[in-house]
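The sequence shown begins at 122 in our numbering and counts up by one.
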Amino acid sequence: SFGSSYFQNKHFLKKLSTLKWTVVEQKHFVEDGKISFTDEHLDFAYQVDDIPNTDKPHCLLLSSVLQYLEDPDRWLEKFFAYQFPYIIIDRTAFINDKQRLTVQSVPEFIYKASYPCWFFNEDEFLLKFSTHYELIADFDSFADPNKVTEDGKQLYWKGFFFKQK
122 SFGSSYFQNK HFLKKLSTLK WTVVEQKHFV EDGKISFTDE HLDFAYQVDD IPNTDKPHCL
182 LLSSVLQYLE DPDRWLEKFF AYQFPYIIID RTAFINDKQR LTVQSVPEFI YKASYPCWFF
242 NEDEFLLKFS THYELIADFD SFADPNKVTE DGKQLYWKGF FFKQK
């Protein structure tokens with residue numbers, strides 16, 4: 122939420138001659154992030170459209186994002202329209218069955234809440250990218266251990282690295 126991927130990879134990123142990392146998040150995260158974390162390399166925005174044209178992004182990182190969007194297919198089409206040269210998907214939930222919408226409950230000791238959460242069918246998910254992007258690499262995402270649903274379907278988390286065609 123506050124650029125954790127940026128900070129986790131800062132050591133590697135410092136070798137780049139120029140770097141501008143913009144976190145697109147919910148309003149309260151953006152407001153707090155702008156106050157506490159913004160610097161010459163890191164900034165926060167409410168939506169991709171808020172990123173200045175001078176900072177045209179070269180890469181879109183979606184880490185544990187898509188499964189929490191109300192309409193992930195609509196968002197993917199919107200992201201494709203931006204024509205990012207690269208898209209990295211990480212910590213994304215999949216099921217070895219047809220796509221499934223579930224409810225994720227946050228443990229009360231953290232805070233009481235629940236969220237809609239999608240589990241994607243991997244083949245269908247990759248097909249959505251195939252017109253616009255070439256799959257360069259895929260990898261296991263170790264955000265959560267693989268699990269099995271009550272009806273015996275395997276759940277797993279993966280990541281992908283895509284290059285625009």
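Ideal placement from N, C-alpha and C gives every residue a C-beta, glycine not left out.
Contact holds between the region 210-230 and the region 181-200, because three or more Cβ pairs, one in each stretch, are under 8 Å apart. Taken in chain order, the whole alpha helix (DSSP H) runs of length 4 or more contained in the region 183-250 are 193-202 and 243-250.
Straight through space, the alpha carbons of Y277 and V224 are spaced by roughly 16 Å.
In the DSSP annotation of this structure, the continuous segment of the beta strand (DSSP E) that includes Y254 starts and ends at Y254 to D261.
In the three-state reduction of the DSSP assignment, K131 falls in the helix class, which pools H, G and I. For the options D194, D176, H179 and V227, the alpha carbon positioned closest to that of L248 is the one of D194. A direct Cα-to-Cα measurement between S125 and Q285 gives close to 25 Å. Here the C-alpha atom of Y207 lies approximately 27 Å from the C-alpha atom of R221. In this structure, F283 places its C-beta atom within 8 Å of the C-beta atom of E255. Of the residues K141, F133, N130 and D218, the one whose Cα lies closest to the Cα of N242 is D218. In the DSSP annotation of this structure, the continuous segment of the alpha helix (DSSP H) that includes F150 starts and ends at K148 to S157. When the five nearest sequence neighbours on each side are left out, the beta carbons in the same chain lying within less than 8 Å of the beta carbon of S157 are those of F123, in order along the chain. The beta carbons of T143 and D164 sit about 5 Å from each other, so the pair counts as a contact at 8 Å.
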